[in-house]
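Numbering of the sequence shown is given in the UniProt record's numbering, commencing with residue 1 and proceeding in unit increments. Cβ atoms here follow ideal geometry from the backbone N, Cα and C, with glycine treated the same way.
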Amino acid sequence: MTETTRTKSAKKPADHKPANTATVKVKYAGAEFEVPVGAASSARLLRLLEKNAIAAAIERLIGDDGYDRLLDAIEDGFGTDDMEKVAEFLGKALEAAGAKN
């Protein structure tokens, strides 16, 4: 019987399985936040973004206390709690959350 390519290829070790995590860590303005994996496809989150409810979307993403920590970190890092920096964090967080799903 002929040996197939599959049987010839090296076996992957069991430790090469993807991590089964529910969150991904996002660092921004010197602070670290945990964002749920798959958040980028959350219908409720996307609905808030469609309504331009950025603060509510961030709170849904990292929690009420997370939003306050984000504003504090932005203020400490950049001198003001600029909404453009909040939007920049949101983009990074959604990119990180979407990359793992």
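Residue pairing by DSSP places Tyr28 opposite Ala31 in a beta bridge. Straight across, the Cα-Cα distance linking Gly63 with Arg69 is about 10 Å. The C-alpha of Ala39 is placed about 9 Å away from the C-alpha of Arg60. Taking 4 residues as the shortest admissible run, the region 22–101 contains the following complete alpha helix (DSSP H) segments, listed from N- to C-terminal end: 43–50, 54–62, 64–78 and 83–99.
Asp82 and Ile74 do touch by the CB rule: their CB atoms are close to 6 Å apart, below 8 Å.
Looking only at Ala29, Pro36 and Ile58, the smallest Cα-Cα distance to Gly79 is reached by Ala29.
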